[in-house]
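Each remark here refers to the structure printed beneath this line.
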Amino acid sequence: MFKKILIANRGEIAVRIIRACKEWGISTVAVHSDVDSESMHVRLADESICIGSHQPQNSYLNIAALLSAVDITNSDAVHPGYGFLSENANFAEIVTKHGIKFIGPSSDLIKKMGDKIEAKKIAKDNGLPVIAGSEQSVQTVTEAKKICDKIGYPVLIKAAGGGGGKGMKIVNKQEQLEQLYLEAKLEAKKYFNNDKVYIEKYFKNPRHIEVQILSGKNRTVHLQERDCSVQRRHQKLIEETPSPIIDEKVRLDLLNRTVKMVEKIGYEGAGTVEYIYENGKFFFLEMNTRVQVEHPVTEVATGIDIIKEQIWIANTGDTALKQSDIKPSGHVIECRINAEDPSKNFQPSPGTIKTCHQPSGFRTRVDGAIFQGCKITPYYDSLICKLICQGRNRTEAIQRMLRSLDEFVIEGINTTINLHKKILNHQKFISRLIVGTGKYKNFQETAKAIRASGADMVTVAVRRVNILDKKKPTLMDYVNPGKITYLPNTAGCFNSKDALRTLRLAREMGGWKLVKLEVLGDKKTLYPNKIEAIRYPNTPNPQTIPLTALLINDFWRNSSLE
395 MFKKILIANR GEIAVRIIRA CKEWGISTVA VHSDVDSESM HVRLADESIC IGSHQPQNSY
455 LNIAALLSAV DITNSDAVHP GYGFLSENAN FAEIVTKHGI KFIGPSSDLI KKMGDKIEAK
515 KIAKDNGLPV IAGSEQSVQT VTEAKKICDK IGYPVLIKAA GGGGGKGMKI VNKQEQLEQL
575 YLEAKLEAKK YFNNDKVYIE KYFKNPRHIE VQILSGKNRT VHLQERDCSV QRRHQKLIEE
635 TPSPIIDEKV RLDLLNRTVK MVEKIGYEGA GTVEYIYENG KFFFLEMNTR VQVEHPVTEV
695 ATGIDIIKEQ IWIANTGDTA LKQSDIKPSG HVIECRINAE DPSKNFQPSP GTIKTCHQPS
755 GFRTRVDGAI FQGCKITPYY DSLICKLICQ GRNRTEAIQR MLRSLDEFVI EGINTTINLH
815 KKILNHQKFI SRLIVGTGKY KNFQETAKAI RASGADMVTV AVRRVNILDK KKPTLMDYVN
875 PGKITYLPNT AGCFNSKDAL RTLRLAREMG GWKLVKLEVL GDKKTLYPNK IEAIRYPNTP
935 NPQTIPLTAL LINDFWRNSS LE
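Note that the numbering used here has the sequence shown beginning at 395, numbered continuously upward.
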């Protein structure tokens, strides 16, 4: 095993790598700019060395300074983290030529997969579906027009060597093409020193799905997928696993084809293959040849330390894991906490943290590098920490995340904590598992309708949607442990005035559906595959409620019939 690793990064990812190294018994070296001398990663490392001023090009992007730090500290490996030089093929090549292990794939693979056009070709050649568009960089406006006419508007112009939304332009009609094409090239040159752009078909309502892989010379394994669709300016805000919108058939196809592609290209290390998903189909987007910001989502779900595995692969060349070792459980959500003011167009909010209280508790994790008195500078990315919560299902994970966000106290700077609360409470986020909500759009409307029905007693039973395969389910369909993993308090009988409480029995059962509703007095048991609506008697204006309105997932958070 390595004796000493230099971490060519800062902030929360540097802290994360230091923790993994300590558990391997590996000494660590932190590098820092002049303004980061009191940072958490510097305090936790065994050694630290200043490599330049606060400008990234003079410190964290300064290859010569980093190599000098390696020599001075006698480090035998370099971990690049994410961002900065993590996907810089030149840096990986220079480190390797100096006899130092670069913890990541080969410089050749970084270069190939870092070029979005080349990566697209590799993915297509290895059996992955790709988005319709140009197969090479687009050199002129005339060429761009021909491609757009062929694939149809809207289109997306993208920087070949970029990411993070830079050099990316949406073109809705031909009249916009020339101006936006030129703007994209200028941005690409500014941010990536590479003005090559390409064109793809634009998806109006896509989901962003990515597959985490670990790969060595011996085998490639996947750690299932993440859904990273909640974004702003093409920057991820919330990630979760498993994706709430793909079925098992699509999931298995996606995972298996990803593994085959990664194996064929001879990849070594941790990596992520990203896809666009829409209307039941997925298309290759790009491959990140490094650890992702959102890797803790997968770690919590699988119980596997991705950073430690990454180090192991770099040291031995092989992955110690088999696919049978990967047994994810529950549902996991991550919120990225940024030092930004959402009310001011996400303006960065540097400053000193005066008060800092981080949440804890059952299945709650915080990855960060902040503390009371910590200075948030304006020179680097605004991400300050990540909050990760796990639940037995999606609804419980949302509940736990909201509880944890309520506990989080950061004073002295503006953050995105309140924004995350709003998103997690929003019906569109909560109801991702719901295909249709029928007549009543929220819990309050449904509860009022049941209350107004005048029914004396109501009995509710719930179970998983995917086992609704019998014409007349029996009680064993509700309680059979071979079919149902978790089903507490599956049925209850309450006065209709307390109908809200009845529905809340299923509050922790994300993805569960009302399959039986019995109105006592009427002595009629209703099943959704036979009767599509429930008509409540004994009321001047009988209420008819479609069963789809009673899907249990997004209703439990409201606490009042009024």
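From the three backbone atoms N, C-alpha and C, an ideal C-beta is built for every residue, glycine too. Bear in mind that the values here come from a model prediction, so they are computed numbers and not experimental data.
- When secondary structure is reduced to three states using DSSP, residue 471 falls in the strand class.
- Residue 574 and residue 563 do touch by the CB rule: their CB atoms are close to 4 Å apart, below 8 Å.
- In the three-state reduction of the DSSP assignment, residue 484 falls in the helix class, which pools H, G and I.
- In this chain, the beta strand (DSSP E) harbouring residue 760 covers 758-762.
- Runs of the alpha helix (DSSP H) lying entirely within the segment 516-559 and spanning at least 4 residues, in chain order: 535-545.
- In this structure, the beta-carbon distance from residue 665 to residue 650 does not fall below 8 Å.
- Going by beta carbons, residue 744 and residue 771 fall inside the 8 Å limit.
- A residue is called buried when at least 16 other Cβ atoms come within 10 angstroms of its Cβ; residue 723 does not meet this threshold and is exposed.
- According to DSSP, residue pairing for residue 489 in a beta bridge does not occur.
- Within the segment 423-481, the runs of beta strand (DSSP E) at least 3 residues long that lie entirely inside it are, in chain order, 441-446 and 471-473.
- Under the criterion of beta carbons closer than 8 Å, residue 678 and residue 499 do not qualify as touching, at roughly 18 Å.
- Cβ contact annotation for residue 489 (same chain, cutoff 6 Å, sequence separation greater than five): 472 and 496, in chain order.
- The C-beta separation of residue 710 from residue 617 comes to about 19 Å, leaving the pair out of contact by the 8 Å criterion.
- With distances taken between CA atoms, residue 552 lies nearest to 594 out of 534, 619 and 594.
- Counting C-beta atoms within 10 angstroms of its own C-beta, residue 456 has 16 or more neighbours from the protein chains shown and is therefore classed as buried.
- Rounded to the nearest angstrom, the Cβ distance from residue 614 to residue 607 is 6 Å, consistent with a contact under 8 Å.
- Apart from the 5 residues on each side of it in sequence, residue 414 sits with its Cβ closer than 7 Å to the Cβ of 699, 701, 702 and 705 in its chain, given in chain order.
- Ranked by Cα distance from residue 539, the options 510, 584 and 592 are led by 592.
- Nearest C-alpha to residue 501 among 751, 734, 417 and 481: 481.
- Looking at the DSSP output, residue 502 bridges to nothing.
- The beta carbon of residue 669 lies closer than 8 Å to those of 602, 603, 604, 605, 648, 676, 677, 678 and 679 in the same chain, with the five residues before and after it left out.
- Counted as a single uninterrupted DSSP element, the alpha helix (DSSP H) harbouring residue 798 occupies residues 788-801.
- With distances taken between CA atoms, residue 761 lies nearest to 410 out of 536, 410 and 621.
- By the 16-neighbour rule on beta-carbons within 10 angstroms, residue 405 is buried.
- Comparing C-alpha distances from residue 739 to each of 627, 532, 729 and 428 shows the shortest one belongs to 627.
- The beta carbon of residue 756 lies closer than 8 Å to those of 794 in the same chain, with the five residues before and after it left out.
- Rounded to the nearest angstrom, the gap between the Cα atoms of residue 460 and residue 454 is 8 Å.
- Judged by beta-carbon spacing, residue 798 lies within the 8 Å limit of residue 781, meaning their Cβ atoms are closer than that value.
- Here DSSP, grouped into helix, strand and coil, assigns residue 813 to helix.
- Between residue 734 and residue 812, the CB-CB gap reaches or exceeds 8 Å.
- Close CB contacts of residue 407 within its chain, under the 7 Å cut and outside five residues either way in sequence, are with 475 and 476 (chain order).
- Bounds of the beta strand (DSSP E) holding residue 669 are 663-672.
- In the structure shown, residue 688 falls within a coil segment according to DSSP collapsed to helix, strand and coil.
- Assignment of residue 614 by DSSP, reduced to helix, strand and coil, places it in the strand class.
- Rounded to the nearest whole angstrom, the C-alpha separation of residue 418 and residue 766 is 29 Å.
- Shown here for residue 707: same chain residues with a beta carbon closer than 8 Å to its own, the five before and five after excluded, namely 608, 609, 610, 662, 663, 664 and 713 in chain order.
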